[in-house]
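K.L.:
Residue numbers (the numbering used here), protein chains in the order written: chain B, 42 to 269; chain Y, 8 to 181.
By construction, the Cβ of each residue, glycine as well, lies at the ideal position given by its N, Cα and C atoms.
Bear in mind that the values here come from a model prediction, so they are computed numbers and not experimental data.
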Amino acid sequence: MAPGGCLLLALLLLAGTVQGQHWSHGWYPGGKRDISAPQAVPAWSPWLVPCRGRKSRHDPPAKSKASRLKVPPPVDPAELCVVTERYRQHRLVLGALRSIFRSEVVQRKHEAQKDAEDSAAVLEEHRLLMAWNDAENARQRARREERIRKEKEEQKMQKLQAMENKAKVMEAFLKEKEKEVLQLQEEAKTFITPENLEARIEECLDNPRNYNFAIDKEGRIVKRTALS
Amino acid sequence: MPMKGRFPVRRTLQYLSQGDVIFKSSVKVMTVNYNTAGEPTSPPTSKFVFFNIPQIQYKNPWVQIMLFRNMTPSPFLRFYLDSGEQVLVDVEDKTNKEITEHIKKILGKSKETLEKEEREREKLSHPATFGPKKYHLRECMCEIEGQVPCPAFVPLPKEMRGKYKAPLKNESSA
């Protein structure tokens with residue numbers, strides 16, 4: 042139905058325009074026609090309309106400003122020259138004075154600090170502390186020298202000990218060798234030489250020895266068999 | 008952020024600010040000669056270098072600290088003052104705590120001096136003033152408790168605004 046359709050369209054359009062996003066409509070919360078405005082709103086609520094910055098970046102300029110011509114403020118060139126020159130000189134002088142005063146303040150502070158440090162009491166205290174430090178160093182040196190001396194003595198003792206041990210070992214070795222030599226000498230007496238060969242053979246033949254025996258673990262002879 | 012190094016606690020601000028050796032202003036250079044290999048007696052100077060030197064440097068940023076390794080048979084500290092005087096401190100046989108106590112005693116600022124300096128510093132600044140953040144606690148009057156809040160956040164009441172007062176004044180004068 043054409044009239045029904047037109048009405049629907051009109052209604053939709055109306056709804057669309059009424060719910061537009063422009064800030065002047067006041068439909069957003071906290072706006073001009075907000076329902077909640079009559080209620081008590083705390084003074085620091087962020088939703089109140091700000092007095093400054095009412096337009097956002099994308100809002101167009103107002104219709105009343107359509108014929109506005111932006112002109113820079115009027116300037117008299119001669120006056121401008123004079124005024125800029127005067128300002129320049131004024132700022133130069135003031136800047137120079139400021140830097141002088143600043144350096145003076147810093148210098149005074151340094152001097153006060155130096156005086157505080159160079160006073161006689163401070164120097165005296167410093168001298169005492171250095172003396173104490175020297176005493177400590179001397180003590181430490183004495184301890185160190187003592188320690189080194191002890192170490193040297195220990196080393197000497199150890200060396201002596203080592204030499205003694207060596208000597209003992211050498212002595213024992215020599216004794217051992219001597220004993221062996223003596224034993225060999227003793228054995229040499231029972232050696233068989235060409236001179237007593239015949240005598241020894243006769244002796245063996247005269248005394249037959251029976252080696253047919255068994256011994257147990259202790260070394261005692263357990264069994265003997267007769268010599269055939 | 009991973010922890011770096013063997014004892015990362017040495018890099019924390021809390022550890023560094025616990026250093027209590029603040030040198031007098033006459034101390035300019037501190038030199039430490041120590042050995043990395045084992046020392047004949049047990050407390051090694053390398054522990055002092057590892058744990059306490061960061062604290063000292065943090066508290067004395069204008070003192071130059073130099074470390075020399077394995078150059079002398081025994082460890083020592085040497086301080087160069089601005090008068091040209093050199094102070095030698097033998098640190099063999101001393102634990103790191105003893106070393107810090109020793110240098111604090113001979114070349115550190117005493118507690119009274121530090122307190123006096125603190126009081127002087129306090130005198131320069133007044134907590135009630137406001138201005139640039141570098142020199143004051145607050146930048147604007149609106150930040151102070153009990154004062155009118157900043158109009159950027161809370162609009163001023165109508166009576167305090169110029170655009171309300173001006174037409175009233177015009178009306179009353181006209």
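I'd like the span of the alpha helix (DSSP H) that includes residue 22 of chain Y, first residue to last.
P.N.:
Position 15 of the second sequence holds residue 22 of chain Y. That run of the alpha helix (DSSP H) goes 20 to 24.
K.L.:
So, helix, strand or coil for residue 223 of chain B, using DSSP?
P.N.:
Stepping through the first sequence from its first residue, residue 223 of chain B is reached at position 182. Note: residue 223 of chain B maps to helix in three-state DSSP.
K.L.:
So with CB distances below 8 Å, who are the chain Y contacts of residue 148 of chain B?
P.N.:
Along the first sequence, read from residue 1 onward, the residue named residue 148 of chain B stands at position 107. Per Cβ cutoff of 8 Å: no residues; residue 148 of chain B is ~16 Å from chain Y at best.
K.L.:
Assess contact between the stretch 54 to 63 of chain Y and the stretch 26 to 42 of chain Y, defined as three or more Cβ pairs (one per stretch) separated by less than 8 Å. Is contact present?
P.N.:
The stretch 54 to 63 of chain Y, when compared against the stretch 26 to 42 of chain Y, does touch it at the 8 Å Cβ threshold.
K.L.:
By the DSSP assignment, the alpha helix (DSSP H) with residue 65 of chain Y in it spans what residues?
P.N.:
On the second sequence, residue 65 of chain Y is found 58 positions in, with the first residue counted as 1. Element bounds for residue 65 of chain Y: 60 to 66.
K.L.:
Whole angstroms are fine: how far does the CA of residue 139 of chain Y sit from the CA of residue 164 of chain Y?
P.N.:
Sequence index remark: in the second sequence, residue 164 of chain Y carries index 157 (1-based). Sequence index remark: in the second sequence, residue 139 of chain Y carries index 132 (1-based). For residue 164 of chain Y and residue 139 of chain Y, the distance between alpha carbons rounds to 28 Å.
K.L.:
Using Cβ-Cβ distances below 7 Å, what residues of the stretch 239 to 259 of chain B are close to chain Y?
P.N.:
Answer in chain order: no residues at all.
K.L.:
Mind checking if residue 104 of chain Y is an interface residue toward chain B, Cβ cutoff 8 Å exclusive?
P.N.:
Indexing the second sequence from 1 puts residue 104 of chain Y at position 97. So, not an interface residue.
K.L.:
Whose C-beta lies closer than 7 Å to the C-beta of residue 154 of chain Y among residues of the same chain, with five residues either side of it excluded?
P.N.:
Taking the first residue of the second sequence as position 1, residue 154 of chain Y is located at position 147. Result list for residue 154 of chain Y: 148, in chain order.
K.L.:
Spatial neighbours of residue 150 of chain Y within its chain, please: CB distance less than 8 Å, with the 5 preceding and 5 following residues excluded, ordered by chain position.
P.N.:
Translated into positions along the second sequence, residue 150 of chain Y becomes position 143. Hits under 8 Å: 137 and 157.
K.L.:
If we call anything under 8 Å between Cβ atoms a contact, is residue 253 of chain B one with residue 241 of chain B?
P.N.:
Locating residue 253 of chain B in the first sequence gives position 212, counting from the first residue. Locating residue 241 of chain B in the first sequence gives position 200, counting from the first residue. No, Cβ-Cβ distance for residue 253 of chain B and residue 241 of chain B is not below 8 Å.
K.L.:
Using the Cα positions of residue 169 of chain Y and residue 69 of chain Y, report the straight-line distance between them to the nearest angstrom.
P.N.:
Here residue 169 of chain Y refers to the residue found at position 162 of the second sequence. Here residue 69 of chain Y refers to the residue found at position 62 of the second sequence. Rounded to the nearest angstrom, the two C-alpha atoms are 54 Å apart.
K.L.:
Check residue 83 of chain Y in the structure and name its three-state DSSP category.
P.N.:
Translated into positions along the second sequence, residue 83 of chain Y becomes position 76. DSSP places residue 83 of chain Y in strand when its eight states are reduced to three.
K.L.:
Apply the 10 Å Cβ neighbour rule to residue 109 of chain Y and answer buried if 16 or more other Cβ atoms are within range, or exposed otherwise.
P.N.:
Sequence index remark: in the second sequence, residue 109 of chain Y carries index 102 (1-based). Buried: at least 16 other Cβ atoms inside 10 Å.
K.L.:
Quick one: residues in its chain with C-beta nearer than 8 Å to the C-beta of residue 71 of chain Y, no 5 flanking neighbours on either side, listed in chain order?
P.N.:
Counting from 1 along the second sequence, the entry for residue 71 of chain Y is found at position 64. 35, 36 and 37, listed in sequence order.
K.L.:
List the DSSP bridge partners of residue 38 of chain Y.
P.N.:
As a first step, residue 38 of chain Y is located in the second sequence; it is residue number 31 there, counting from the start. Bridge partners of residue 38 of chain Y: Y:73 and Y:85.
K.L.:
For the ligand MG, any of its heavy atoms closer than 7 Å to the Cβ of residue 100 of chain B?
P.N.:
Although the ligand MG was asked about, the structure shown includes no ligands whatsoever.
K.L.:
Scan the stretch 189 to 259 of chain B and note each continuous beta strand (DSSP E) run of 3 residues or more that stays entirely inside, going in chain order.
P.N.:
Complete beta strand (DSSP E) runs here, min 3: 254 to 256.
K.L.:
Please decide whether residue 158 of chain B counts as near chain Y, where near means a Cβ-Cβ distance under 8 Å.
P.N.:
For this step, residue 158 of chain B is matched to residue 117 along the first sequence. Residue 158 of chain B counts as touching chain Y.
K.L.:
Would you mind giving the Cβ-Cβ distance between residue 32 of chain Y and residue 166 of chain B, rounded to the nearest angstrom? I have them listed as a contact below 8 Å.
P.N.:
Position 25 of the second sequence holds residue 32 of chain Y. Position 125 of the first sequence holds residue 166 of chain B. With a Cβ gap of about 15 Å, residue 32 of chain Y and residue 166 of chain B do not count as contacting.
K.L.:
List, in chain order, every chain Y residue whose beta-carbon is nearer than 9 Å to that of residue 182 of chain B.
P.N.:
By 1-based counting over the first sequence, the position of residue 182 of chain B is 141. The contacting residues are 97.
K.L.:
If you draw a straight line from the C-alpha of residue 187 of chain B to the C-alpha of residue 178 of chain B, how long is it?
P.N.:
Taking the first residue of the first sequence as 1, we reach residue 187 of chain B at position 146. Taking the first residue of the first sequence as 1, we reach residue 178 of chain B at position 137. The alpha-carbon atoms of residue 187 of chain B and residue 178 of chain B are separated by roughly 14 Å.
K.L.:
Measure from the C-beta of residue 139 of chain B to each C-beta in chain Y and report whether the shortest distance is under 8 Å.
P.N.:
Position 98 of the first sequence, counted from the start, is the residue given in the question as residue 139 of chain B. By this cut-off, residue 139 of chain B is not an interface position.
K.L.:
Once DSSP output is grouped into helix, strand and coil, what is the label at residue 146 of chain B?
P.N.:
Numbered from its first residue, the first sequence carries residue 146 of chain B at position 105. Three-state DSSP puts residue 146 of chain B in a helix.
K.L.:
If we ignore side chains and look at the alpha-carbon of each, how far apart do residue 126 of chain B and residue 123 of chain Y end up?
P.N.:
In the first sequence, residue 126 of chain B corresponds to position 85, counting from 1. In the second sequence, residue 123 of chain Y corresponds to position 116, counting from 1. Those two C-alpha atoms are separated by around 49 Å.
K.L.:
Looking at C-alpha atoms only, which residue of Y:152, Y:56, Y:111 and Y:116 is the closest neighbour of residue 174 of chain B?
P.N.:
Sequence index remark: in the first sequence, residue 174 of chain B carries index 133 (1-based). Closest by alpha carbon: Y:111.
K.L.:
Any chance the stretch 89 to 97 of chain Y sits against the stretch 139 to 158 of chain B, with 3 or more Cβ pairs inside 8 Å?
P.N.:
Touching, no.
K.L.:
Expressed to the nearest angstrom, what Euclidean distance is found between the alpha-carbon atoms of residue 136 of chain B and residue 143 of chain B?
P.N.:
Position 95 of the first sequence, counting from 1, holds the residue named residue 136 of chain B. Position 102 of the first sequence, counting from 1, holds the residue named residue 143 of chain B. Going from the Cα of residue 136 of chain B to the Cα of residue 143 of chain B covers about 10 Å.
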